[in-house]
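Here is the structure we will look at, set down as structure tokens.
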Amino acid sequence: MRAHLQSIEQLTSLLAEQRQATDQQGMVSEDVRRQRIQAVIDLLVDEHEDLSAAMDADFGGRHPGYGLMNDVLGSLSSLKYARDHLHEWTPSQPRQVFPPYDQLGAQAWVQYQPKGTVGIMGTWNAPLFTLLSPLAGAFSAGNRAVLKPSEITPRTAEVLAKAIDARFDPLELAVITGGVDVGQGFAGQPFNHLVFTGSTVVGRDIMRRASEHLVPVTLELGGKSPVLISRTADIAEAARRLAVAKGTNGGQICISPDTVYVPVELRDAFIQAFSRAFSQLYPQVSDNPDLVCVVNDHHMQRIDACLNEAVELGAQVVRCPDVEFSLTQRKRPMSLVINPPRTSRIMREEIFGPALVVLTYSDIRHVVEEINQGERPLALYYFGNDDAEQTLVLSHTLSGGVTINDALMHAAMEDAPFGGVGASGMGHYHGREGFVEFSHVRTVFKAPEFDPRAEWGMLAPYHEGFTAA
Ligand code: NAD
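Each position in the sequence shown, counted from 1, maps to that position plus 868 in the working numbering.
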């Protein structure tokens, strides 16, 4: 069988073969895990130009330099971190634990076992990273894997599938390409763990399908990530950092700042500073190779519809930069949408594109209350220099992760878990957390020759006078 699959029937039979191979292999050595990770690293190093060009073509304009930085180097960072820390995570001796006093002489230990085969479904917005970063965790834990790239980035999926087909035994790693029907079939397979990165709506359906075989899931979902700007913040620097974050991948990032809460008296200063900073980064729109395209017409129309509705409902829109642009290129200026009504579509749905809502506040406690009335966000950002306020925000909100005085950065921590909470997802990967997520943690108890329970009077018949004391 090839490592590039094109039908669910092929996948079903490959999974049966992988299951057999897992059972025959037993515990996977550190060397084998390292070799698998290294093979993915080599693939990325050798194929990075074709992969970056394919992502550029899939988006209709996504600078290959950005593809290299985000998807190739981002994935390499996870893979190299896993390769270099494998030894700490997979000690040759299992972790000893201490049996209770009534089991004197017994031994017990905890084993981190590979689960078997991990299925990984990725998104179009980071078409390599959402597959290969979880793969680093899956391989570090000794698993086999099957990847399902997004059909919205088909050229990238093809280049990746071809490269994997040329380098991997399908018993270790395979790829299946196809559309929504393949995604649905994939989610219903008897994997030993399933990682899904994507929207909350599809995530619910994926979890339902996975439950058929009681497959444990890691759901890396989306949502609206709020930004709280304090009165104590350096407003120009906060705006500059937000312009950098919001411009990344054309705003098409799961943890992209979505809604900014700014003190009412600092509103105009923020809008001016953001516009200036964004326009410096991206002085032109049409033909600007640095500005990442909105991925397709469907998403372009979705964003237009949200913006038009917000304007109809009375919101003010400020474009950065305020220049002419051509819709056919799918490049849009960043739109600041100021104080849209809470009922508008842009306030209800994840923006996931070149727009940013700006809301004003007087009391930051009301902002915290408003955030808590919505779904738990994937990321939350606080800009400010007031320790008490920072503590209030951190202790009274729940989100997947937090960055203070910048945006996006917590997701780059290889040594810290990345994941959502509530509607933004469940489970984690990155670093050791990825290793643990994709391992089965098994406790082993080895009884002593002599059974101490008899000595302690713990076996029936219970003698009179036996008390809890
Ligand atoms: P999506 O949910 O439409 O698709 C994700 C994957 O599911 C793709 O592989 C797709 O082929 C498949 N799919 C689509 N519809 C399906 C269906 N009905 N049944 C089965 N499979 C289906 O998401 P997207 O548009 O590719 O990505 C954008 C979303 O992903 C945003 O919400 C974003 O916030 C989120 N995201 C989250 C993270 C994270 O790490 N938390 C990272 C990137 C993107």
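Backbone N, C-alpha and C fix where the C-beta goes; we use that ideal spot for every residue, glycine too.
Candidates the options, of which the one nearest residue i by Cα
i, options, result
"residue 986", "932, 1018, 1061", "1061"
"residue 876", "1043, 1262, 1112, 1129", "1043"
"residue 944", "911, 928, 963", "911"
"residue 1216", "1243, 1203, 1237, 1198", "1243"
"residue 1343", "1212, 1163, 1162, 914", "What is shown of the chain runs 869 to 1337, which leaves residue 1343 out entirely."
"residue 1192", "1151, 1226, 1287, 1291", "1151"
"residue 1185", "1253, 1201, 1196", "1201"
"residue 1327", "970, 900, 1171, 882", "970"
"residue 1351", "1321, 1138, 1329", "The first residue shown for the chain is 869 and the last is 1337, placing residue 1351 beyond what the model contains."
"residue 1338", "1093, 939, 1268, 871", "This structure cannot speak to residue 1338, because the chain is shown only from 869 to 1337."
"residue 1097", "1017, 923, 1138", "1138"
"residue 1206", "941, 1126, 983", "1126"
"residue 1118", "1155, 1019, 1159", "1159"
"residue 1169", "1142, 1188, 1182, 1197", "1197"
"residue 1013", "1236, 1093, 1003, 952", "1003"
"residue 920", "1156, 906, 935, 907", "935"
"residue 1046", "975, 1016, 968, 1223", "1016"
"residue 1241", "1220, 1281, 1291", "1291"
"residue 1265", "880, 1280, 1095, 1314", "1095"
"residue 1315", "968, 1195, 995", "968"
Segment limits, alpha helix (DSSP H) that includes residue i
i, result
"residue 1305", "1299 to 1305"
"residue 1263", "1255 to 1264"
"residue 907", "898 to 927"
"residue 1152", "Unbroken run through residue 1152: none, as it is neither H nor E."
"residue 944", "942 to 957"
"residue 1051", "1048 to 1055"
"residue 1073", "1068 to 1079"
"residue 1215", "1213 to 1216"
"residue 1187", "Element bounds for residue 1187: not the alpha helix (DSSP H) but the beta strand (DSSP E), 1184 to 1188."
"residue 888", "876 to 893"
"residue 1027", "1022 to 1035"
"residue 1001", "997 to 1008"
"residue 1241", "1232 to 1241"
Span of the beta strand (DSSP E) around residue i
i, result
"residue 1168", "Looking at the DSSP string, residue 1168 is not in any beta strand (DSSP E); the run it does join, the alpha helix (DSSP H), is 1165 to 1180."
"residue 1088", "1085 to 1088"
"residue 983", "First-last for residue 983: undefined, no H or E at that position."
"residue 1064", "1061 to 1065"
"residue 1251", "1247 to 1251"
"residue 934", "Here residue 934 belongs to no beta strand (DSSP E); instead the alpha helix (DSSP H) covers 932 to 935."
"residue 1115", "Where residue 1115 is concerned, there is no enclosing beta strand (DSSP E), although the alpha helix (DSSP H) it sits in stretches over 1103 to 1115."
"residue 1272", "1269 to 1272"
"residue 1043", "1041 to 1044"
"residue 1126", "1125 to 1131"
"residue 1292", "Element bounds for residue 1292: n/a, residue is neither H nor E."
"residue 1013", "1012 to 1016"
"residue 1206", "1202 to 1206"
Check: residue i C-beta below 8 Å from any heavy atom of ligand 1
i, result
"residue 1060", "no"
"residue 989", "yes"
"residue 1024", "no"
"residue 1052", "yes"
"residue 828", "One cannot answer for residue 828 here, as it falls past the ends of the chain, which runs 869 to 1337."
"residue 993", "yes"
"residue 1017", "yes"
"residue 1292", "yes"
"residue 1218", "yes"
"residue 1048", "yes"
"residue 928", "no"
"residue 1160", "no"
"residue 1121", "yes"
"residue 1280", "no"
"residue 1073", "yes"
"residue 1248", "no"
"residue 1067", "yes"
"residue 1089", "yes"
"residue 998", "yes"
"residue 1128", "no"
"residue 1328", "no"
"residue 1005", "no"
"residue 1055", "yes"
Taking one C-beta from the segment 1222 to 1233 and one from the segment 1120 to 1135 each time, how about it: are there three or more such pairs within less than 8 Å? Counting Cβ pairs under 8 Å, three or more are found: they touch.
Contact between the segment 1101 to 1116 and the segment 1273 to 1287: three or more CB pairs below 8 Å? yes
If you pair each beta-carbon of the segment 882 to 895 with each one of the segment 1037 to 1053, do three or more pairs fall below 8 Å? yes
For the segment 1154 to 1167 and the segment 1257 to 1275, state whether three or more C-beta atom pairs, one from each stretch, are separated by less than 8 Å. no
Could you check whether the segment 909 to 924 touches the segment 956 to 967, counting it as contact only if at least three pairs of C-beta atoms, one from each stretch, sit closer than 8 Å? In this structure the segment 909 to 924 does not touch the segment 956 to 967; the number of beta carbon pairs closer than 8 Å is below three.
Taking 8 Å as the cut-off, does the segment 1047 to 1058 touch the segment 892 to 904 (at least 3 CB pairs, one atom from each stretch)? Remark: fewer than three beta-carbon pairs, one from each stretch, lie closer than 8 Å, so the segment 892 to 904 and the segment 1047 to 1058 are not flagged as touching.
For the segment 929 to 936 against the segment 1277 to 1292, are there 3 or more C-beta pairs whose distance is under 8 Å? no
Three-pair Cβ contact test at 8 Å for the segment 1254 to 1267 versus the segment 1102 to 1109: no
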